[in-house]
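Asker: Chains as they are written, first to last, in the UniProt record's numbering: chain A, 1 to 572; chain B, 1 to 572.
All C-beta atoms in this analysis are idealised placements derived from N, C-alpha and C, irrespective of residue type, glycine included.
Since this is a predicted model, take the numbers as computed values, not measurements.
Next up is a structure, given as structure tokens.
There are 2 protein chains.
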Amino acid sequence: MATSEPRASGGDQDPNSANLRPPSTSRSSHSCLWFLQKNNSLEEKGRLAGQKNLLSCDNSDRDARFRHTETDFSNLFARDLLPAKNGEEPTIQFLLEVVDILTNYVKKTFDRSTKVLDFHHPHQLLEGMEGFNLELSEQPESLEQILVDCRDTLKYGVRTGHPRFFNQLSSGLDIIGLAGEWLTSTANTNMFTYEIAPVFVLMEQLTLKKMREMIGWPDGEGDGLFSPGGAISNMYSVMIARYKYFPEVKTKGMSAAPRLVLFTSEHSHYSIKKAGAALGFGTENVILLSTDERGRVIPADLEAKIIDAKQKGYVPLFVNATAGSTVYGAFDPINEIADICEKYNLWLHVDGAWGGGLLMSRKHRHKLSGVERANSVTWNPHKMMGVPLQCSAILVREKGIMAGCNSMCAGYLFQPDKQYDVTYDTGDKAIQCGRHVDIFKFWLMWKAKGTIGFEQHIDKCLDLSQYLYNKIKNREGYEMVFDGVPQHTNVCFWYIPPSLRGMPDGDERREKLHRVAPKIKAMMMESGTTMVGYQPQGNKVNFFRMVVSNPAATQSDIDFLIDEIERMGHDL
Amino acid sequence: MATSEPRASGGDQDPNSANLRPPSTSRSSHSCLWFLQKNNSLEEKGRLAGQKNLLSCDNSDRDARFRHTETDFSNLFARDLLPAKNGEEPTIQFLLEVVDILTNYVKKTFDRSTKVLDFHHPHQLLEGMEGFNLELSEQPESLEQILVDCRDTLKYGVRTGHPRFFNQLSSGLDIIGLAGEWLTSTANTNMFTYEIAPVFVLMEQLTLKKMREMIGWPDGEGDGLFSPGGAISNMYSVMIARYKYFPEVKTKGMSAAPRLVLFTSEHSHYSIKKAGAALGFGTENVILLSTDERGRVIPADLEAKIIDAKQKGYVPLFVNATAGSTVYGAFDPINEIADICEKYNLWLHVDGAWGGGLLMSRKHRHKLSGVERANSVTWNPHKMMGVPLQCSAILVREKGIMAGCNSMCAGYLFQPDKQYDVTYDTGDKAIQCGRHVDIFKFWLMWKAKGTIGFEQHIDKCLDLSQYLYNKIKNREGYEMVFDGVPQHTNVCFWYIPPSLRGMPDGDERREKLHRVAPKIKAMMMESGTTMVGYQPQGNKVNFFRMVVSNPAATQSDIDFLIDEIERMGHDL
């Protein structure tokens with residue numbers, strides 16, 4: 001049902017703060033010349049031009065600079081925008097109106113007086129909040145309704161850039177990165193060939209080389225690409241390792257190889273197991289390695305398990321060393337693992353999705369010591385380096401092996417008789433065909449911050465995390481999940497409510513403690529004041545995992561989090 | 001080396017049209033109040049506020065509405081933006097400056113007097129165009145330089161939304177979709193849990209249900225998600241099929257299954273073979289089916305090859321039917337293939353990456369007749385439906401099987417004891433962990449256009465393609481690659497230069513003809529006037545594959561393309 005009256009997003013006022021504008025006034029946009037320009041008719045434009053001169057505004061550049069003027073969107077529809085005839089003016093005004101919504105959102109994201117989220121249960125949003133109906137229909141909605149939908153989408157979402165959002169390894173809202181994403185989506189192209197993404201393809205190539213230099217591979221040589229996230233990057237590493245040792249699997253399948261086994265820490269990311277399942281190894285052939293109390297792989301356990309596997313007639317293929325584990329932030333001892341991999345001729349992959357960013361810091365990069373001995377590395381700039389989602393790199397030491405592993409030489413896409421050097425076409429070394437442009441925002445951020453900008457960000461986050469650690473390690477009501485200063489920004493702890501403090505360790509206390517973090521988290525989300533993750537790990541009941549990657553966070557936000565946990569958990 | 005003087009992007013003027021603004025004036029942005037506000041100092045702000053009142057501008061809403069004012073970016077750096085203290089004003093001004101660049105780009109994209117691209121060879125861009133240096137450095141660049149970099153990135157790129165860009169199955173620049181992408185990147189969140197993407201997760205769920213309804217599955221029931229492109233969607237289908245028939249492969253690997261074979265057309269997308277290689281089947285176990293002269297699978301050939309495989313002791317598992325092949329735009333006869341799949345108990349996947357959009361058209365959806373019998377379907381709204389890249393859905397008829405196939409139950413991400421209904425968390429059914437938000441732009445476009453808007457777009461593109469077909473089918477100098485009206489918008493043809501028209505068929509003519517399309521394409525790219533793809537197929541030498549998915553294209557653009565081909569090819 002087409003409607004020119006938008007369903008108002010009123011009634012249920014945004015509790016986070018005042019609405020940007022009440023919907024009833026959403027037509028009366030304000031520019032400093034709004035009183036001169038009531039509509040977009042040609043007569044009005046002519047009149048305006050005169051006024052502009054009168055006001056000494058530069059009129060010669062009219063085409064190059066758009067002004068945000070009052071537009072009535074209630075009778076405009078998508079079909080009135082470009083490429084429609086006379087679509088230029090409504091197109092620009094519509095986009096500027098959207099930008100107005102977005103810049104307001106950006107501003108509020110950094111405002112501590114606003115909430116992190118305005119929580120609603122799925123059934124509430126599905127039933128439809130006032131004026132916000134998710135259902136799709138046959139007929140178009142007016143652009144006014146579309147603008148309301150944009151506001152409501154942000155209103156009921158989560159401000160992942162808020163200084164008190166600590167829920168995920170990816171947090172923060174980098175303004176340069178954001179601008180980069182806006183440009184990327186405007187360019188709307190695809191990474192598979194130089195032909196349609198010449199600049200982006202070269203940026204990817206140069207940036208990957210820079211990353212390989214930071215890993216320490218000679219002259220930054222090697223291979224790589226940006227993939228849709230760390231799990232896919234890790235999957236690439238397993239595929240490439242298999243191709244290196246058993247290239248015939250590409251054509252003949254896994255039956256051409258002996259029983260191959262992969263090794264990874266019990267604390268490692270589940271994507272190694274997912275890759276084992278997907279690629280036809282089977283999860284039983286992903287052997288989990290024991291860790292020390294800090295979550296780091298015990299090298300002797302790796303060697304013992306390799307020997308055991310060989311004795312059973314299996315063929316060890318691949319070892320994943322985690323640089324920055326998801327929960328503890330642990331760094332496996334890469335050099336010791338590399339020694340073993342060399343001894344047994346195994347592929348060494350370093351999953352630095354979370355910890356790779358520390359390579360940018362002179363103070364902290366020693367935690368990845370030995371990474372230059374890896375055959376492949378996963379490194380997600382969208383985590384510790386604050387690049388907007390998504391931005392994950394798979395980097396490979398041996399040049400050409402990615403193409404060997406994945407190429408199918410599809411003639412309709414990768415024509416060898418193009419007029420340019422087709423070695424710049426990247427598509428055939430990917431498992432994807434089309435590939436999203438994930439490089440530009442990262443390249444632009446690197447330009448804008450310099451390597452030292454990333455270093456400062458990382459050092460600051462690690463300092464903040466140490467501040468938290470120092471604050472709670474001896475504080476009443478807290479128990480650390482592991483002893484010692486965390487290696488990464490992960491600080492893992494239990495909050496012990498007063499009711500549990502005197503209770504002896506045992507099943508009852510464990511069961512009660514297991515329920516504390518979920519209850520506090522639920523209260524946090526209901527109140528919307530802050531967000532932090534929790535989870536169990538092994539035989540340890542639910543605990544909080546605090547991580548700092550948000551450039552907006554300060555010591556006061558850490559203090560706030562602790563105050564909130566105590567306020568909410570005190571009476572549990 | 002930090003520099004406050006940007007490397008000017010001058011010298012090499014953008015040949016596409018006049019520069020937006022010469023770099024030398026890039027500091028002197030224009031707003032109607034520029035003469036009142038020379039910088040962002042507090043004094044100036046105070047003075048401005050007074051002036052605004054004087055000019056009767058609405059001042060009460062200052063926080064809710066940002067004005068684009070003159071800002072000197074040469075002494076501003078990324079570190080001056082939010083979350084920096086007093087960072088709000090420069091942040092907003094920087095973003096508005098970027099938006100100014102982008103809206104100018106949008107406007108020029110639709111302007112036929114501008115070029116599609118300004119071609120440079122990789123070595124030229126790598127050596128550095130004047131003022132455009134791709135290298136990354138230790139020290140930050142000024143925001144002024146960053147803005148120059150943004151302009152140059154667009155300048156040397158390809159305008160995929162230009163009315164004369166026909167090079168890819170994805171083309172066009174949808175304004176609503178663009179706004180959706182801008183919002184998505186501002187929200188900067190991740191699809192894996194409802195917790196941090198409540199609105200987007202529900203939008204995905206509702207939109208996938210709507211797509212399943214259009215496929216024809218009862219009540220739109222089933223499963224699915226948006227994946228990073230059609231190749232990954234197709235890979236999902238193979239994984240899920242394997243899990244359906246041989247669930248033990250997940251834990252035990254491919255050695256737990258007999259020799260499994262997959263069937264797909266010789267005209268199908270290479271991603272089925274890539275999936276075969278990646279997932280451990282081996283490309284030799286991807287059996288290619290013969291097609292008729294229009295590129296459609298011959299069902300009898302499928303049955304013969306199934307029988308042959310069984311006789312060899314292999315186990316047929318999976319059949320891919322293509323709905324809209326990449327080159328010919330052919331639709332395999334789904335119903336006849338489904339009959340065979342039922343008879344032999346095989347998984348039927350329909351790769352509708354390109355052709356799926358025709359389900360939105362009452363006139364053309366019959367081409368996918370039988371799709372409701374498929375077990376899984378790939379459908380890329382980023383192709384025929386004009387949604388910005390990337391947006392690809394894998395849809396599965398059986399509910400719950402995706403989670404069965406892919407879940408690893410990672411406790412640190414998917415806690416069962418959350419306060420909301422965790423069945424809305426989608427992460428564990430994906431092979432990815434983090435997943436980019438690809439849904440919002442599509443949902444927003446659907447809202448803004450309605451189903452009928454997509455239908456009109458699709459019908460128009462098919463009409464245009466028929467216009468091209470009618471224009472050249474009997475025209476001197478053209479040979480069609482296959483006879484008859486194309487099923488999709490793909491029109492495949494050779495242009496025969498006068499020098500080859502009298503030549504008898506044979507190796508010499510074939511070799512010469514093979515070089516015609518690449519030569520014309522190279523000239524097109526050098527002149528930048530239009531872009532269309534070419535490729536060989538089977539024993540057919542290089543031919544043009546024209547496709548229409550760009551909503552901006554009109555008959556005059558088709559005429560222009562043909563004129564260009566004749567102009568450039570006449571003397572070959």
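1. In chain B, which residues lie with their C-beta within 9 Å of the C-beta of R509(A)?
2. From N490(B) to F166(B), what distance separates their C-alpha atoms?
3. Excluding the 5 residues flanking D571(A) on each side, which residues of the same chain have their C-beta closer than 6 Å to its C-beta?
4. DSSP puts R545(A) in a beta bridge; with which residues?
5. Is there a C-beta anywhere in chain B that falls below 8 Å from the one on S271(A)?
6. Taking a cut of 8 Å between CB atoms, which residues from the stretch 337-354 of chain B lie near chain A?
7. Using the C-alpha atoms, what's the distance from T529(A) back to D563(A)?
8. Let me know the secondary structure DSSP gives E479(B) once reduced to three states.
9. Would DSSP call H120(B) helix, strand or coil?
10. Would you verify that the beta carbon of D417(A) is, or is not, closer than 8 Å to some beta carbon of chain B?
11. Leaving out five residues before and five after L55(B) in sequence, what residues of the same chain have Cβ atoms less than 7 Å from its Cβ?
12. Flag this pair as touching only if the stretch 131-148 of chain B and the stretch 181-190 of chain B have three or more C-beta atom pairs under 8 Å; answer yes or no.
13. Using three-state DSSP, classify K540(A) as helix, strand or coil.
14. Counting only C-beta atoms, is S217(A) closer than 8 Å to chain B at any point?
15. Rounded to the nearest angstrom, what separates G357(A) and Q456(A) at their Cα positions?
16. Which residues in chain B have a C-beta closer than 8 Å to the C-beta of G280(A)? List them in chain order.
17. Can you find a CB in chain A that lies within less than 8 Å of the CB of E266(B)?
18. Mapping DSSP to helix, strand and coil, what is E88(B)?
19. From what residue to what residue does the beta strand (DSSP E) around F226(A) run?
20. Please classify P388(A) as buried or exposed, where buried requires at least 16 other C-beta atoms within 10 Å of its C-beta.
21. Hey, how far is the Cα of T69(A) from the Cα of F110(B)?
22. Is Y156(B) near L134(B), with beta carbons less than 8 Å apart?
23. Do T207(A) and F544(A) have their CB atoms nearer than 8 Å?
24. For a contact meaning CB atoms closer than 9 Å, what does P228(B) contact in chain A?
25. Going straight from the alpha carbon of R212(A) to that of I401(A), what length do you get?
26. Chain A partners of K449(B), CB-CB under 7 Å?
27. Mind pulling the chain A residues with CB within less than 7 Å of R259(B)?
28. Which of helix, strand or coil does DSSP assign to P218(B)?
29. Indicate whether at least one CB of chain A lies closer than 8 Å to the CB of N190(B).
30. If you drop the 5 nearest sequence neighbours on each side, which residues of the same chain put their C-beta closer than 7 Å to that of L102(B)?
31. When you compare only the Cα positions, how much space is there between W354(B) and L444(A)?
32. Should D557(B) be flagged as near chain A, meaning a C-beta pair shorter than 8 Å?
33. With 8 Å set as the bound, which would you pick, yes or no: does the beta-carbon of M546(A) sit closer than that to a beta-carbon of chain B?
34. Would D100(B) count as contacting chain A if we go by Cβ distances under 8 Å?
35. Per DSSP, which one or two residues make a beta bridge with D351(A)?
36. Can we count G128(A) as close to the ligand SAM, meaning its CB is less than 7 Å from some heavy atom?
Answerer: Taking the structure as given:
1. None at all; the shortest Cβ gap to chain B is about 17 Å.
2. Straight-line Cα distance between these residues: approximately 10 Å.
3. none
4. C492(A), G533(A)
5. yes
6. none
7. 11 Å
8. strand
9. Residue state, collapsed to three classes: coil.
10. yes
11. Because L55(B) carries a pLDDT of 34, less than 50, the predicted location of this residue cannot be relied on, and the following value inherits that uncertainty. Nothing meets the Cβ criterion.
12. When C-beta atoms of the stretch 131-148 of chain B are compared with those of the stretch 181-190 of chain B, fewer than three pairs fall below 8 Å, so the two segments do not count as touching.
13. strand
14. A small fix is needed here, since residue 217(A) is Trp in this sequence, not Ser. For W217(A), no CB of chain B lies under 8 Å from its own CB, so it is not counted at the interface with that chain.
15. 11 Å
16. V249, G253, M254, L279, G280, F281
17. no
18. helix
19. 223-227
20. buried
21. 22 Å
22. no
23. The answer is no: Cβ separation not under 8 Å.
24. Taking the beta carbon of P228(B) as reference, the chain A residues within 9 Å of it are S227, P228, G229, I232, Q390, Q432, G434, R435, H436, listed in sequence order.
25. 16 Å
26. A78, P140
27. S255
28. helix
29. yes
30. none
31. 33 Å
32. no
33. So no, M546(A) is outside the interface.
34. yes
35. Answer is T322(A), T378(A).
36. The ligand SAM is absent from the structure shown, which contains no ligands of any kind.
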